[in-house]
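One structure is given below, encoded as structure tokens.
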Amino acid sequence: MAATVARVRSPTLRLRSACLLLVAALGATTLTSPPEATEPTQKRRTTVEAAATPTRRTLAVTSEGLVGIGATDWQAAGHTGAGTKVAILDLGFDGWDTLPEGELPANVEAMGFNQTGALDSGTDHGTQMAEIVHDVAPEASLVLITFNDNYMGEMVDWLLANEVDVVSMSLEWTDGPLDGTHWSSEHIQRGIDAGITWVVAAGNSAKRHHVGTTVDKDGDGWVELDNVSTEFNEFRMAAGASADLLLTWDDAATDLDLCVFDMETLTEGEPTQVDCADGPQGGGEPAIEAMTITNTSDASRRYGYSISHFSGEEVIYDTRIWGSGYLQFSNPAASIGVPANMTDALTVGAVAWNTLELQPYSGWGPNMQGVLKPDVVAPDQITTSQWAGVSNTGTSYAAPHVAGVAALMIGAMPDLTPAQVKQRLKDRASQANSPDHRQGWGIVALGSLPSSIVAIRGHWAETSIDWAFTTAITPGCPTDGATAGSTCPELDVTRDEMAQFMWRSKGQPAPTTTAAFEDVAVDATYTTAVDWLAEQQITLGCTTTTYCPDGTVTRAEMAAFLWRLEGSPEGSTPAGFGDVPEGVFYGAAADWLLASGTTTGCTTTSYCPDGLVTRAEMFTFLRRVDDLD
46 MAATVARVRS PTLRLRSACL LLVAALGATT LTSPPEATEP TQKRRTTVEA AATPTRRTLA
106 VTSEGLVGIG ATDWQAAGHT GAGTKVAILD LGFDGWDTLP EGELPANVEA MGFNQTGALD
166 SGTDHGTQMA EIVHDVAPEA SLVLITFNDN YMGEMVDWLL ANEVDVVSMS LEWTDGPLDG
226 THWSSEHIQR GIDAGITWVV AAGNSAKRHH VGTTVDKDGD GWVELDNVST EFNEFRMAAG
286 ASADLLLTWD DAATDLDLCV FDMETLTEGE PTQVDCADGP QGGGEPAIEA MTITNTSDAS
346 RRYGYSISHF SGEEVIYDTR IWGSGYLQFS NPAASIGVPA NMTDALTVGA VAWNTLELQP
406 YSGWGPNMQG VLKPDVVAPD QITTSQWAGV SNTGTSYAAP HVAGVAALMI GAMPDLTPAQ
466 VKQRLKDRAS QANSPDHRQG WGIVALGSLP SSIVAIRGHW AETSIDWAFT TAITPGCPTD
526 GATAGSTCPE LDVTRDEMAQ FMWRSKGQPA PTTTAAFEDV AVDATYTTAV DWLAEQQITL
586 GCTTTTYCPD GTVTRAEMAA FLWRLEGSPE GSTPAGFGDV PEGVFYGAAA DWLLASGTTT
646 GCTTTSYCPD GLVTRAEMFT FLRRVDDLD
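Read left to right, the sequence shown gives residues 46 to 674 (my numbering).
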């Protein structure tokens, strides 16, 4: 609809308060106040026995998404999240203490980081999130936490002090900014850096997001949102529904305003202005306008927003809306909001559990730094005990599946860092080799059972094998028919494996040149690793034209490889190994290995350079070298 009405700029209407928005339950908009200096009030901390006699439901419900992500296989193998602690952060947990037996752990810790300490706040969204986490990781300890913005710093302090391993957060701030500088990012990043895997729903803004340039072809001060003639971006709201709108742009010296109109109520033949967010910019104020509107009528209604280019240069703007139907004009790309857009957060989009197709509302990346998002996608359209028989849609329901998966992984491999959890999920997801900004690395999958973690208990190299497996330096045993997840510690290392182990230990850097080895196929699994090793002169090949990928690695070769991997450090005291002649190619390397503590020799006086290196030995050497960095 082309606008011809002289819309009024209302100086009494200013930028509305920042707000925290519940994202995954489609259409739900629950808000809290923005951060400000307040005196902390006493908070409630209780450990509660789950109700023995349910009052709301009589039958337990298990998420339909468990089988597809591999959780049932891990549970059957004894990996249940035992020993881990998961915090569910939400706006309310109504009905959590009256759930049927088994829907939550017998003992649940409850915290309220807000003025009242209450968990019941008019929504059971958090209760459903907790149910899903418990379905996936039934022996993980759960902490149910309500909070508002004023207490977020204290809440993160508590999470760290109480050794929480995983956070499940299906919430989103609607106040911007979207460039990674939102005030909440500092608190969340502090938690991640300290070892918390922070799982966040990607949000449901794919078709509720619009990006454009402030084109004003007719010069009336209002942006043509289709870049042609239309100055309204229409959307529909259900009766009684509220919607939050956010407008941001890339230059605070320019002043934009955001106005909403009732498209079904006309004033002099034009839509009636409902409200405007028209705070001034250009004097140091942020390039943000936000507002909340409510459909007070008893029927669904059409609305539309318009952008006024009040002053300044042409800019790129970003608009998004929560709590409404889809926008008439939308751009799914970069629709992920705060905090899901944080680079180090584990961001989760949604696919339908039965079709595995991406949901049309699931937020897309990249983030403002150009980082690929989401990281993975997981099932929604599932049922919970709170809403038995109802298909629950939204990325909220996907995120706790991944939080539960993280708990299963950490329970089996306690030394995993947040970055390692994320990397293992990426490596095992459905499109690990071709990630995109719609689904990230694809549908989450636990993959091979970590049977090696049990099988090697008591092995002399147990710590090193665990380290190599959990850091994805090895994906498991290379032999056909090996038990899934096993590491085959006694197998001799081949040269192609050695290349991959060392390359992975350095973060899988991309080579800029291609090695001219005749026996390294272009499409071999180890090609990139060999190219990088050759480029760094870590390997010179077994001849000038061949690499001999199938050859086994001797201790002499291993010493030279590791020494070069670390930059060929000089000045080590001669090791005095009786079987290391002066002037051999690996002499300085063997000296360094002993001096650095990487090896003690095969005896106190010998190195055994011709001995073959097993996988257990290789992992041990690599771990010790990694500890030097």
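Even glycine gets a Cβ: it sits at the ideal position worked out from N, Cα and C.
Do you know how far the Cα of residue j is from the Cα of residue i?
i      : j      : result
Met387 : Asn412 : 7 Å
Val575 : Glu563 : 12 Å
Ala121 : Trp243 : 26 Å
Thr589 : Leu536 : 28 Å
Lys551 : His446 : 31 Å
Leu401 : Ile488 : 8 Å
Lys471 : Ile455 : 16 Å
Ala448 : Pro554 : 29 Å
Ala69  : Met174 : With a pLDDT of 41 at Ala69, under the threshold of 50, the modelled position of this residue cannot be trusted, and the question is left open.
Thr559 : Thr168 : 58 Å
Thr659 : Arg473 : 26 Å
Ile583 : Met547 : 10 Å
Thr428 : Ala116 : 17 Å
Ser186 : Leu149 : 10 Å
Ser369 : Trp505 : 60 Å
Gly349 : Gly329 : 29 Å
Asp238 : Asp674 : 18 Å
Asp685 : Pro459 : Residue 685 cannot be examined here, being either before or after the span of the chain that is shown, 46 to 674.
Gly623 : Thr650 : 6 Å
Ile233 : Gly128 : 23 Å
Gly126 : Ala490 : 16 Å
Leu66  : Val567 : Low confidence applies to Leu66: its pLDDT is 42, below 50, so where it sits in the model is not reliable, and the reading given next is rough at best. Rounded to the nearest angstrom, the two C-alpha atoms are 49 Å apart.
Leu607 : Thr219 : 50 Å
Ala385 : Gln476 : 20 Å
Asp296 : Val112 : 48 Å
Val629 : Ile241 : 48 Å
Glu611 : Leu585 : 16 Å
Ile361 : Gln581 : 43 Å
Can you tell me where the beta strand (DSSP E) holding residue i begins and where it ends?
i      : result
Val422 : 421–425
Phe192 : 186–192
Ile333 : 333–339
His354 : 346–356
Phe280 : 278–282
Gly157 : 152–158
What residue range is occupied by the uninterrupted alpha helix (DSSP H) comprising residue i?
i      : result
Trp548 : 540–550
Leu401 : Leu401 -> no alpha helix (DSSP H), and no H or E assigned at all.
Trp486 : Careful: Trp486 lies outside any alpha helix (DSSP H) and carries neither H nor E.
His446 : 440–457
Met174 : 170–181
Pro377 : Here Pro377 belongs to no alpha helix (DSSP H), and DSSP marks it neither H nor E.
Thr235 : According to the sequence shown, residue 235 is Arg rather than Thr. Element bounds for Arg235: 228–238.
Ile510 : 507–515
Arg253 : Looking at the DSSP string, Arg253 is not in any alpha helix (DSSP H), and its letter there is neither H nor E.
Met197 : 197–206
Val466 : 463–473
On the DSSP bridge assignment, give the partners of residue i in chain order.
i      : result
Leu536 : None; Leu536 has no bridge partner.
Asp320 : Val305
Ile366 : Leu290
Val244 : Ser213, Leu391
Leu134 : Ile190, Met214
Leu311 : Pro316
Leu657 : Thr599
Val383 : Trp218
Thr258 : Ile361
Ala569 : Paired residues: none, contrary to the question.
Val396 : Leu403, Pro424
Check whether the Cβ atoms of residue i and residue j sit closer than 8 Å, and answer yes or no.
i      : j      : result
Ile190 : Ala132 : yes
Leu453 : His124 : yes
Tyr196 : Asn159 : yes
Leu136 : Gly221 : no
Pro534 : Ala433 : no
Thr539 : Gly521 : no
Leu164 : Met214 : no
Contact the segment 597–611 vs the segment 534–554: 3+ CB pairs below 8 Å: Judged by Cβ distances under 8 Å, the segment 597–611 makes contact with the segment 534–554, as three or more pairs qualify.
Three CB pairs or more closer than 8 Å across the segment 374–382 and the segment 345–355: When Cβ pairs closer than 8 Å are counted between the two stretches, the segment 374–382 is seen not to touch the segment 345–355, the count staying below three.
contact_flag[the segment 424–433, the segment 442–460] where n(CB pairs < 8 Å) is 3 or more: Contact between the segment 424–433 and the segment 442–460 is present, because at least three Cβ pairs lie under 8 Å.
Contact the segment 291–300 vs the segment 348–367: 3+ CB pairs below 8 Å: Counting Cβ pairs under 8 Å, three or more are found: they touch.
The segment 405–420 / the segment 255–270 touching (three or more Cβ pairs under 8 Å): Using a C-beta cut-off of 8 Å, the segment 405–420 makes no contact with the segment 255–270, since fewer than three inter-stretch Cβ pairs fall below that distance.
Three-pair Cβ contact test at 8 Å for the segment 507–520 versus the segment 657–671: Segments in contact, yes.
Three-pair Cβ contact test at 8 Å for the segment 320–340 versus the segment 232–252: They do not touch, by the three-pair rule.
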